[in-house]
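Inspection log for the structure reproduced underneath, given as structure tokens.
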Amino acid sequence: MPFLVETLQASSIKTEYNTQEEALTFKIAASIIKGDHSNQCPNGFSLDSSGPYCSDEDECTTQKPCSHICHNVVGTYYCSCPKGLTISADGRACQDIDECTLGRHSCLAGQDCENIIGSYHCVVQCGIGFRRTPDGLSCQDVNECQESHRCHQHCFNTIGSFHCGCDPGYQLKGRKCMDVNECRQNVCRPDQLCKNTRGGYKCIDLCPSGMTKAENGTCIDVDECRDGTHQCRYNQICENSKGSYRCVCPRGYRYQGVGRPCVDIDECENRGVCQHECRNTLGSYQCFCPSGYRIMPNGKTCQDVDECLEQNIYCGPNRMCFNMKGSYQCIETPCPPNYQRDRLSGSCLKNCPANDLECTLSPYALEYKLVSLPFGIAGNQDLIRLVAYTEDGVMHPRTSFLMVNEDMSIPFSLRDENLKGVVYTTRPLREPETYRMRVRALSYRSDGAIEYQTTFIVYIAVSAYPY
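Each residue of the sequence shown is one higher than the one before, starting from 1 at the first, in the numbering used here.
Encoded structure:
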């Protein structure tokens, strides 16, 4: 049986060069040397299962000896590394190349080289008080006040640095705040004692006139009103104040000096104190209103008394209670024949018998309106707006209004405005009087024919008083 392993041994080698063919030829003399009797394959080989011979062993597959890249060759293997790494002394493991330490980087001036596994970064250089941003491209201020300051009281961050500050009454020495002794600067008045405190000072009074020293050394006020040392006399009132006192008069009295009696003030001398009548009293005054008025809660102005409502005055059938400023009057408000009074509005509504043509042509409604006015209403002032309604209670869309007074000298007139009849003054109302106006409202159909007539009887009472 042949040996499993045999060695080819070269004994000589010769070379020949053919100039014509430009070829170099090698001639080797060799012989096969028998192997040993162990029949073991050498390192890097293993016995092939298909025959009695040795084949190369792929150590990269079977052993995985390399940390990164493994290259199999006949009888052995070798390891290599990716870019940025180099093979270590054991020939198997890869270790990082520190380009920053070896100077193999391309960072510019103003940049620092920062080594990473397999490569490096160029990052900006930051001075004291700054740190690099996470991307390494710029510097940002370090807020020492939030991180590592050693200020005693206050820390103020600045760009690239910080400084310390103190509360009022302290001054900075290094980073420590020291109390300022303000008393050395004569901050108090000559009649005061200065006492320094932490961060401030106190000026203690030396008890001026009207003050006295308490047991604890402080100055307290002398209450002249209580101890009877004041000079207030008669009906004057003593009011203590810090270090002194004053003599004052009761409300409604006038002060004439210390020790002199207070004189009553006649408030009624001032016009406008009361709306109607003012009566002076000792230390005060009282307002009065004319008959038919009551004094308001403010004690000065007058309010009309609504006798019709408050006294529930019943004037009788076909009469209406007319409340006027300061009085009232029962006025006649009869409904003509063929009319019935509406309980809610008090108006007279037509109710014609069958086939009564004259009644049919008469006004649809007779309405009474009562207006109570104060004295002095100016001219050209709107007083009341009259509205004509259909039988369904809807404002008629085509209505004109006309005064039918026998006495046209009354200080009132009428105008049409937005389907309403507006009664207004033609001159100032300067006489207390009651006026009676008669107004006719004509409502037309779309073809121009009269559809409704409404008569308004308007009573206007002018008071003798401007309220």
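Beta carbons: idealized from backbone N, C-alpha and C, even for Gly. None of these values were measured; they are calculated from a predicted model.
- Counting the other Cβ atoms within 10 Å of the Cβ of glycine 316 gives fewer than 16, which makes it exposed.
- Cysteine 308 and valine 394 have their C-alpha atoms some 30 Å from each other.
- Per the C-alpha coordinates, the member of Gly84, Glu99 and Ser80 positioned closest to arginine 92 is Ser80.
- Glutamine 192 is bridged by DSSP to Asp205.
- For threonine 61, the enclosing alpha helix (DSSP H) starts and ends at 59-62.
- In the three-state reduction of the DSSP assignment, threonine 301 falls in the coil class, being assigned neither a helical nor a strand state.
- Leucine 361 is not a Cβ neighbour of phenylalanine 456, given a cutoff of 8 Å.
- Between glycine 379 and threonine 425, the C-beta spacing is below 8 Å.
- Going by beta carbons, cysteine 41 and cysteine 60 fall outside the 8 Å limit.
- Assigned with DSSP and collapsed to three states, threonine 133 falls in coil, not helix or strand.
- In this structure leucine 282 touches aspartate 264 by the C-beta definition: roughly 5 Å separates them, less than 8 Å.
- Listed in chain order, the alpha helix (DSSP H) runs fully inside the stretch 111-186 are 144-147, counting runs of at least 4 residues.
- For the pair of segments examined, the stretch 291-305 was found to touch the stretch 315-333: the number of CB pairs separated by less than 8 Å reaches three.
- Under DSSP, the beta-bridge partners assigned to cysteine 330 are Cys321.
- For threonine 333, the number of other beta carbons within 10 angstroms of its own is at least 16, and it is reported as buried.
- Around the C-beta of phenylalanine 322, 16 or more other C-beta atoms lie within 10 Å, and the residue is accordingly described as buried.
- Contact fails between the stretch 364-375 and the stretch 398-414, because fewer than three Cβ pairs, one in each stretch, are under 8 Å apart.
- For lysine 300, the closest C-alpha among the options Gln20, Arg319, Ser161 and Arg279 is that of Arg279.
- Exposure of serine 446 is indicated by the presence of fewer than 16 other C-beta atoms within 10 angstroms of its C-beta.
- Taken atom to atom, the span from the alpha-carbon of proline 297 to that of cysteine 268 is near 19 Å.
- With respect to the C-alpha of leucine 383, the residue from Gln275, Tyr452 and Ala461 having the closest C-alpha is Ala461.
- In this structure, cysteine 177 and histidine 149 do not form a Cβ contact; the two beta carbons are roughly 13 Å apart against a cut-off of 8 Å.
- Under the three-state reduction of DSSP, glutamate 267 is assigned to helix.
- With the rule of 3 Cβ pairs closer than 8 Å, the stretch 197-204 counts as touching the stretch 163-176.
- Leucine 344 sits in coil when the DSSP states are folded into three classes, being neither helix nor strand.
- If you draw a 10 Å sphere on the C-beta of isoleucine 28, you find fewer than 16 other C-beta atoms in it, and that means exposed.
- With a contact defined as Cβ atoms closer than 8 Å, glycine 110 and valine 124 qualify at about 7 Å.
- Counting along the chain, the unbroken beta strand (DSSP E) around cysteine 79 starts and ends at 76-80.
- By the Cβ neighbour-count rule, serine 46 is exposed, with fewer than 16 other Cβ atoms within 10 Å of its own.
- At least 8 Å separates the beta-carbon of glycine 346 from that of tyrosine 314.
- Taking lysine 202 as reference, the option from Ile220, Met211 and Cys183 with the minimal CA-CA separation is Cys183.
- Going by DSSP, leucine 102 is part of the alpha helix (DSSP H) stretching over 99-102.
- Each residue's CA atom was taken as its position, placing serine 209 and serine 244 some 8 Å apart.
- In the DSSP assignment, arginine 246 falls within the beta strand (DSSP E) that extends over 244-248.
- For valine 180, the CB contacts under 7 Å within the same chain, skipping 5 residues up- and downstream, are Gly169, Tyr170 and Gln171 in chain order.
- Counting only the Cα atoms, glycine 44 lies some 35 Å from glutamate 16.
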